[in-house]
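**Q** Dropping the structure in here first, questions after.
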Amino acid sequence: MAKSTLESLNPSLKITAFQANIKEFGIPFFKDFDVVFSALDNQEARTYLNSMCVALNKPLLEAGTTGYIGQAMLLKRGISRCYDCEPKVQNKTYPVCTIRTLPEKPLHCVIWAKYLFGVLFGPMDEGNLLEDLREKFDNSKENVAEGVFDELFQNQIQKQIDSDPKKFEKLKLLVLKETLTKSVGNEDIIEENAETKQKIYTVGEYAHLFIWSFRKLLEMKKNLGFMSFEKDDDLCIKFVTAASNLRSFVFSIELLNEFQTKEIAGNIIPAICSTNAIVAAIEVSEALKYLRFLAKETEKSNSKECYVQNDVEKKINVINPLKPNPKVKQSLIIDY
Ligand SMILES: [Zn+2]
Numbered sequence: 001m002a003k004s005t006l007e008s009l010n011p012s013l014k015i016t017a018f019q020a021n022i023k024e025f026g027i028p029f030f031k032d033f034d035v036v037f038s039a040l041d042n043q044e045a046r047t048y049l050n051s052m053c054v055a056l057n058k059p060l061l062e063a064g065t066t067g068y069i070g071q072a073m074l075l076k077r078g079i080s081r082c083y084d085c086e087p088k089v090q091n092k093t094y095p096v097c098t099i100r101t102l103p104e105k106p107l108h109c110v111i112w113a114k115y116l117f118g119v120l121f122g123p124m125d126e127g128n129l130l131e132d133l134r135e136k137f138d139n140s141k142e143n144v145a146e147g148v149f150d151e152l153f154q155n156q157i158q159k160q161i162d163s164d165p166k167k168f169e170k171l172k173l174l175v176l177k178e179t180l181t182k183s184v185g186n187e188d189i190i191e192e193n194a195e196t197k198q199k200i201y202t203v204g205e206y207a208h209l210f211i212w213s214f215r216k217l218l219e220m221k222k223n224l225g226f227m228s229f230e231k232d233d234d235l236c237i238k239f240v241t242a243a244s245n246l247r248s249f250v251f252s253i254e255l256l257n258e259f260q261t262k263e264i265a266g267n268i269i270p271a272i273c274s275t276n277a278i279v280a281a282i283e284v285s286e287a288l289k290y291l292r293f294l295a296k297e298t299e300k301s302n303s304k305e306c307y308v309q310n311d312v313e314k315k316i317n318v319i320n321p322l323k324p325n326p327k328v329k330q331s332l333i334i335d336y
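Shown next, in the form of structure tokens:
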């Protein structure tokens, strides 16, 4: 795709495209490059590419965007730090008690539903969030979906209320049989189309969706115990949408449609093409500066780390390249 688009823009380009995991390419592949431009989407791949470039002393144009913010810089021994000289920010974690006993936001229920998916259909090592549920869950039994529904949204909630009636007085119980009668016949909820993904249904419909998706997942017998949450699997998203909305209902939290649930569950930040274009342009301009420096047109490299920002006056913040961190030993990966 990218190749044909670029070639139509500039027919004099010579492009060789490879489609594979970057880790399949080792030192022999990278040693022939003069400059490496990165447009990767995860830290693991960046760390790998960085190690290749450090080992071979190649200039790496590292860049990334997250919505409206982004960064681009040249990383090269003798000029700057490498990608792994700076500690990386870890993903945000949430206190287990909020998720387990007192969710306040839709996000908390989505996280809970993802855990639930892992506990029910995955390898049972997703932490102890729903430990008590495992004993009740026996997929050899009939009506297991119904049993789990009542356990989650009735029995466990009742137990919680009994433990502190004042604190939990506002919690609502969901009994499957009753809840299903609250369905208003919008059975299109199980369908796969843009309209159903954008719609918020009633609690009755979500109960119906819970049972339907649960049974579908149980039918995938050979995968049971090996499944993990997959944001691009529609059935998985449907299950998580149903479970998190049922829990939101119990705790009087606003419901989310399938699309919103997927966004939160998959930690998806929309790609903004203008940010991507700005960051790509900075990569090119930093590369040109480096080439000028190599050609001895300038004495200093003039390389900068550039940060694209939003909601501030200065949209692109430019700083001098950071120095290598002597505490970090770059392990060299050599696999000729
Ligand atoms: Zn380093």
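Going by this note's numbering, the first residue of the sequence shown is number 1, and it counts up by one from there. Using N, Cα and C, we set each Cβ at its ideal position, and we do this for glycine too.
1. Roughly how many angstroms separate the alpha carbons of S4 and L13, rounded to a whole number?
2. The alpha helix (DSSP H) that contains M52, what's its start and end?
3. Confirm the yes/no value for this check: CB of P324, any heavy atom of ligand 1, distance under 6 Å.
4. Please tell me whether, using a cut-off of 6 Å, the distance from the CB of L82 to the nearest non-hydrogen atom of ligand 1 is below it.
5. Beta carbon of C85: closer than 6 Å to some heavy atom of ligand 1?
6. For P103, is the classification buried or exposed, using 16 other Cβ atoms within 10 angstroms of its Cβ as the cut-off for buried?
7. Identify, in the order they occur along the chain, each residue of the same chain with its Cβ nearer than 6 Å to the Cβ of R77, setting aside the five sequence neighbours on each side.
8. If you run the structure through DSSP and keep just helix, strand and coil, what is C306?
9. In three-state terms, what does DSSP make of V184?
10. My output table needs one value for G118: the three-state DSSP class, helix, strand or coil.
11. Going by DSSP, what residue range makes up the beta strand (DSSP E) through L61?
12. At a cut of 8 Å, does the segment 271-281 reach the segment 67-82 through at least three beta carbon pairs?
13. Using alpha carbons as the reference points, say which of D84, S51, I189 and E44 lies closest to K31.
**A** Once the coordinates are examined:
1. Stepping through the sequence shown from its first residue, residue 4 is reached at position 4. Stepping through the sequence shown from its first residue, residue 13 is reached at position 13. Computed Cα separation, rounded: 10 Å.
2. Position 52 of the sequence shown, counting from 1, holds the residue named residue 52. Looking at the DSSP string, the run of the alpha helix (DSSP H) that includes M52 is Q43 to L56.
3. Here the question's residue 324 lines up with position 324 in the sequence shown. It does: the Cβ of P324 is within 6 Å (strictly closer) of some heavy atom of ligand 1.
4. For the purposes of this step, residue 82 is taken as the residue at position 82 of the sequence shown. Rather than Leu, the amino acid found at residue 82 in this sequence is Cys. It does: the Cβ of C82 is within 6 Å (strictly closer) of some heavy atom of ligand 1.
5. Within the sequence shown, the letter at position 85 stands for residue 85. For ligand 1, at least one heavy atom lies less than 6 Å from the Cβ of C85.
6. By one-based count along the sequence shown, residue 103 stands at place 103. It counts as buried.
7. Start at 1 with the first residue of the sequence shown, and residue 77 comes out as number 77. If the five residues before and after R77 are omitted, its C-beta is found closer than 6 Å to the C-beta atoms of N57, all from its own chain and listed in chain order.
8. For the purposes of this step, residue 306 is taken as residue 306 along the sequence shown, with counting starting at 1. Strand.
9. As a working note, residue 184 is residue 184 in the sequence shown. Note: V184 maps to coil in three-state DSSP.
10. For the purposes of this step, residue 118 is identified with residue 118 of the sequence shown, where counting begins at 1. Three-state DSSP puts G118 in a helix.
11. Taking the first residue of the sequence shown as position 1, residue 61 is located at position 61. DSSP places L61 inside the beta strand (DSSP E), whose first and last residues are L60 to T66.
12. In the pairwise beta carbon analysis, the segment 271-281 is classified as touching the segment 67-82: at least three pairs are separated by under 8 Å.
13. Residue mapping note: residue 31 aligns to position 31 of the sequence shown, counting from 1. The shortest CA-to-CA distance from K31 to any of D84, S51, I189 and E44 is the one to S51.
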